[in-house]
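Numbering (this note's numbering), first residue to last: 174 to 383. Here's the structure we're looking at; comments come further down.
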């Protein structure tokens, strides 16, 4: 029997430090050592450069990074929308009709649900408007109690679109655990579904929510 692939190697002198194995290095997207050297030399400048080049900003930050233990703040004074960066900016490009989400359902054998970036844009806008119709506004918290289905991503992106912080609650949690997390987050809305399949068995999610 073949030995499992080792992805990380524990540092011989520091127990809490792990290094990538040679196998992981081969499969890494970043093979240029100069990128690592640049990041190691000035991490703040490196990540500021990537944020500037890779994201669309309504307003660039005044200060890229600030450390005030126990807090670490990035892009101080900057303004952007995560939903716009994940969805909107792609629909004016060649990605418009490319798959953004491929949902593989359970039970196995049912057709996959494929959403292009344009499909996703439409669904996210519908969901964002539904949240607003319930009175959700910027700063209001939303709890999401869904299995791993495309609607979970749609709900998260819709929250980001309107500036409503969301709390994702693991769908296997009990009604009591769900209640605790809703109270902790002070959520105004719970997003859930009737049920789903897990490992071949039906799970009635709405019973817990009720």
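Quick reminder that beta carbons are idealized off the backbone N, C-alpha and C, glycines included.
Inter-residue Cα distance where the pair is residue i and residue j
i: residue 385; j: residue 256; result: No answer is possible for residue 385: it lies beyond the span of the chain, which begins at 174 and ends at 383.
i: residue 294; j: residue 270; result: 11 Å
i: residue 240; j: residue 246; result: 6 Å
i: residue 307; j: residue 318; result: 17 Å
i: residue 316; j: residue 296; result: 19 Å
i: residue 314; j: residue 223; result: 30 Å
i: residue 285; j: residue 383; result: 29 Å
i: residue 179; j: residue 211; result: 27 Å
i: residue 261; j: residue 185; result: 47 Å
i: residue 252; j: residue 337; result: 15 Å
i: residue 387; j: residue 302; result: No answer is possible for residue 387: it lies beyond the span of the chain, which begins at 174 and ends at 383.
i: residue 325; j: residue 206; result: 37 Å
i: residue 272; j: residue 192; result: 34 Å
i: residue 199; j: residue 312; result: 43 Å
i: residue 213; j: residue 369; result: 45 Å
i: residue 339; j: residue 320; result: 15 Å
Residue i vs residue j beta-carbon contact at 8 Å
i: residue 346; j: residue 327; result: no
i: residue 367; j: residue 378; result: yes
i: residue 361; j: residue 322; result: no
i: residue 235; j: residue 258; result: no
i: residue 264; j: residue 290; result: yes
i: residue 363; j: residue 356; result: no
Assigned exposure category for residue i - 16 Cβ within 10 Å defines buried
i: residue 209; result: exposed
i: residue 275; result: exposed
i: residue 365; result: buried
i: residue 177; result: exposed
i: residue 189; result: exposed
i: residue 381; result: buried
i: residue 334; result: buried
i: residue 248; result: buried
Beta-ladder partner(s) of residue i, from DSSP
i: residue 191; result: 183
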